[in-house]
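Just so we're aligned: the sequence shown equals residues -6 to 870 in our numbering. Ideal Cβ positions, reconstructed from N, Cα and C, are used throughout, including at glycine.
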Amino acid sequence: MKTEEPRTIYLKDYRPSPYLIETVDLDVALAPENTRVRSRLKVKPNDDPDAPAGPLTLDGEKLELHSVKINGTPINDYTADDQSLTITSPPEGPFEVEIETTCNPQANEALEGLYRSGGIYCTQCEPEGFRRITYFIDRPDVLARYRVRVEADKREAPVLLANGNLVEDGDLDDGRHFAVWEDPFPKPSYLFALVGGNLACVQDSFITKTGRAIDLRIYVEPGKEGRCGWAMESLKTAMRWDEERFGLEYDLDIYMIVAVSDFNMGAMENKGLNVFNDKLILARPDIATDTDYESIEAVIAHEYFHNWTGNRVTCRDWFQLCLKEGLTVFRDQEFTADQRSRPVKRIEDVRLLRARQFSEDAGPLAHPVRPSSFVEINNFYTLTVYEKGGELCRMLHTMLGEDGFQAGMKLYFERHDGQAVTVEDFVAAMADANDRDLSQFMRWYNQAGTPEVVCRFEHDASEKTAKLHVTQVHAPSPGQPEKEPVPIPLRIGLVGPDGEDMPLILKNGSEVPGGLLMVTEREQTFEFADVAHRPIPSLLRGFSAPVKLSSPLDDADLDFLMRHDSDLFNRWQAAQTQAMKRLVAMARGEGEFVPDVREFALAVGPTLTDDWLEPAYRAAFAVPPSELDIAQEIGADVDPTGVHKARRDLRATLGHTLQGDLQRLYEDYAVPGEYQPDPDSVGKRSLRNTALALLAAEETEDGVKRAQTHFKNADNMTDSMAALRILAGLDRPERDEALETFYDRWKDEQLVLDKWFAIQAQSTASDTLDRVERLRRHPAFSIKNPNRVRALIGALAHGNPLHFHSADGRGYEFVGESIMEIDGFNPMIAARLASAFSSWKMLEPGRRAMAQQMLERIAAKEGLSRDTSEVVGKMLG
Ligand code: ARG
Ligand code: ZN
């Protein structure tokens, strides 16, 4: 086998496929090491003048080729290598290709294509996995109708599933059986799925708005049926919501979900047959936390929403990934906001965006929401494509309003149902439905980096006017030295001395609807009339654009907003800004400026104890910016130990200063009765557990005791984990005691064991790296299982900056070695781990040198995958 030359693929080089495929007839005989696939394709030349017919090239990887026929006759004028099969001179006009191949699901540890997980055959085809099942034109703009016959040993795989409707099944000789599935909707190959195995089924049904009954099925490992209730409820809630809010109804008569334990990502939206990482399906109060329940609800919804935004209208090419992902993320965020607390959901999403996407955008892996080139598309399932992509849809929604946005969606489906389209097509539908010019908005899709918005505010008491000067600044990013200004929806309010919003009237006398200003120039000034008293500007309300705001507010202004802003997001933001100023000063160890942390803690108190506010919001209010945020704010020569200490001290001060309040919250917010994952109970537990953690932040006897008791008395996983997280961070015997108790109780529950691994890998206790090295050799650890790898190695690399960036380089060593090992069989997971090094250039010199050395070692590794070498190459470049 020749080794492939990593080749860069450019958006500008897009050409339509020279051939199209109308129907696919697959016949798959499952066997662990030798699965035989016969494929019959109806091929026709594409009549697009940009795609002249010629040789027919089909993608294929890791396949053994047995025969090729054209129109029923075996041929041998073809060439095949490790990536493709080329039929040199195909007939003119439509023709039929028949190909027989075999593949080895058992040996497939990359978990792309057809593989086995815990004895279950399953597939992952997005983005380019179908080519590991059979030779095909494996690109999303080739849409075909599929008919799939699957056969297998009946004892090994009593359940046989594929996309669409079951049309036939029956027994064969030798204890084998078969099933035939037909999907009436043309689809790209990445939405293909096939499953076979011994699976139990939980069934329910849903009546659509037009009265059709949909058969709903969740397939899980036998014995786990009792853990599917929440996933099923979530599915029905999502189906109803999409009808009510977006007017979208499900299209097939059956919707199936299969849970598997080895999965590279969260879940996959295959048409009518979703495949899920089982951690996003299985839940029971004693084994799943409130956060798990919320993630299950959100991901079930996300994959369901893809049926329209992704499947019915799909992507022309993989550069357009955000077309389906950004839009579907926006839809799932709105879904959660409608089910639960809107401000808290916004805060959680912005926290994630800032900690992970902003740092991606500021470093060597920065890329536009729609990239213009890539080496390995798997490396572009990023926070930028997903989360920033979601923010772009949210900005369109903000600019056009709910009705305008829905009108755009309607036009988008009218124009493009059944097609593979581009971001331009989506934005054009939004523009045309609203009679708006959105051409400048395209810059958001094409420019990388987080824009900075600098604001200056002036008030003239004698004239009763105010001015807001806004400047947008765009730092260069890899390959993009110069950038154009983007349209920024800037939602603002002017908060008067009484804490109420003042009317927002422009100089020409017109009121600003919804407080929404549009910034379109590099520099712009807005003038307001009738401003009698000096107001405090509340800027970027609801985080109306994914930008970094440099605000003109001083401590007194922020303190005021922290107590009075009617926009709950900005009220939280004021507290974050106040905390950040102090954290940065403390982390830098600035001797002269001793920040007043106690003052800040006292200002948090009133919101924390305000019974008019939702408990979940109050809990979020008391969580300071993450260590990743603080590091980014510092920007250069970062010492992660200093950052960690600063945050720890701030939390200890919060706990100490607000002790009385926190104790009362802890007592008052116990949730009586049986565990329920409803938003109200979740909020109360969250507030109570926040109090518990802050009270223990100083590590007083009293605080530790309370956590211990909490752990012992916990009757659900949320409380148990909240206490264990505290105890696992202590350099005291209470830690080992708790971890052992937990292990003994849960050693047979794989998903709970993941929590046990992760909590230790994220621990700030001094011996964490020793422990992580020991856990790496623990009999329950498996480097082949992505959930375990994420639980141990991922949790350290992405979730424990203190120890990953250990000053002696041991964290880098551990993670780096693991990356090199994993790269040998699962490049996608290896490359994702490698991205933990992405902000290495902003570290202090000692760590910077060690991180660089490790990256160079990885880069030099023989046979390094295309995935990891692209990521590491960009980081070093
Ligand atoms: N489309 C899936 C989602 O809902 C993600 C699949 C990603 N898979 C991959 N191999 N990169 O977001
Ligand atoms: Zn998705």
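Secondary structure of residue i, DSSP reduced to three states
i      : result
Leu848 : helix
Ile113 : strand
Glu585 : Here the model assigns Glu585 a pLDDT of 49, short of 50, so the residue's position is not dependable, and the following value carries that caveat. It is coil, neither helix nor strand.
Pro490 : coil
Gly163 : strand
Tyr212 : strand
Gln196 : strand
Glu592 : helix
Gln517 : strand
Val616 : coil
Phe818 : coil
Arg436 : helix
Asp502 : In the sequence as displayed, the identity of residue 502 is Gly instead of Asp. Note: Gly502 maps to coil in three-state DSSP.
Ile63  : strand
Lys147 : coil
Glu445 : strand
Phe774 : coil
Tyr473 : For the record, residue 473 in the displayed sequence is Gln; it is not Tyr. The answer is strand: DSSP assigns Gln473 an E or B state.
Residue j beta carbon less than 8 Å from that of residue i
i      : j      : result
Leu785 : Val765 : yes
Pro599 : Leu680 : no
Ser531 : Ile481 : no
Gly535 : Phe553 : no
Val213 : Leu275 : yes
Ala355 : Thr443 : yes
Tyr248 : Leu192 : no
Val378 : Val362 : yes
Leu56  : Ala145 : no
Phe256 : Pro779 : yes
Ser110 : Val253 : yes
Pro672 : Gln412 : no
Glu102 : Phe774 : no
Ala731 : Asn682 : no
Pro11  : Asp134 : no
Ile207 : Met225 : no
Spatially closest choice to residue i from the options, by CA coordinates
i      : options                        : result
Val636 : Gly722, Leu836, Leu499         : Leu836
Ile68  : Pro11, Gln76, Glu91, Tyr379    : Glu91
Glu175 : Asp246, Met225, Ile289         : Asp246
Leu389 : Ala422, Pro588, Pro361         : Ala422
Glu694 : Asp661, Thr711, His649         : His649
Leu136 : Asp6, Glu733, Asn304, Arg718   : Asn304
Ala441 : Glu520, Gln350, Gly397         : Gln350
Leu187 : Arg641, Arg575, Gly265, Val505 : Gly265
Leu13  : Pro45, Tyr3, Asp20, Val21      : Pro45
Ala462 : Ser543, Leu345, Leu857, Glu855 : At residue 462 the sequence reads His, which differs from the Ala that was named. Minimum Cα distance to His462 is reached at Ser543.
Val597 : Trp565, Val292, Val466         : Trp565
Glu810 : Leu795, Pro794, Ala790, Ala800 : Ala790
Pro772 : Gln701, Thr761, Asp741         : Asp741
Glu93  : Pro179, Val30, Leu78           : Val30
Arg387 : Pro357, Pro11, Phe434          : Phe434
Glu395 : Lys35, Glu262, Phe239, Glu353  : Phe239
Thr415 : Leu497, Trp311, Glu520, Asp279 : Trp311
Gly870 : Leu746, Arg840, Ser831         : Ser831
Buried versus exposed call for residue i [16 or more other C-beta atoms within 10 Å across all chains shown]
i      : result
Val864 : buried
Asp43  : exposed
Glu585 : Reliability of the predicted coordinates at Glu585 is poor, the pLDDT of 49 falling under 50, and no value is obtained from them.
Leu159 : exposed
Tyr3   : exposed
Gly382 : buried
Arg718 : buried
Trp234 : buried
Gln625 : buried
Gln755 : buried
Arg148 : exposed
Cβ of residue i within 8 Å of any chain D Cβ
i      : result
Met868 : Checking the listed chains, one finds no chain D in this structure; it contains a single protein chain.
Hey, which residues come within less than 6 Å of the ligand ZN, measuring from Cβ to any heavy atom, in chain order? His295, His299, Glu318, Thr321
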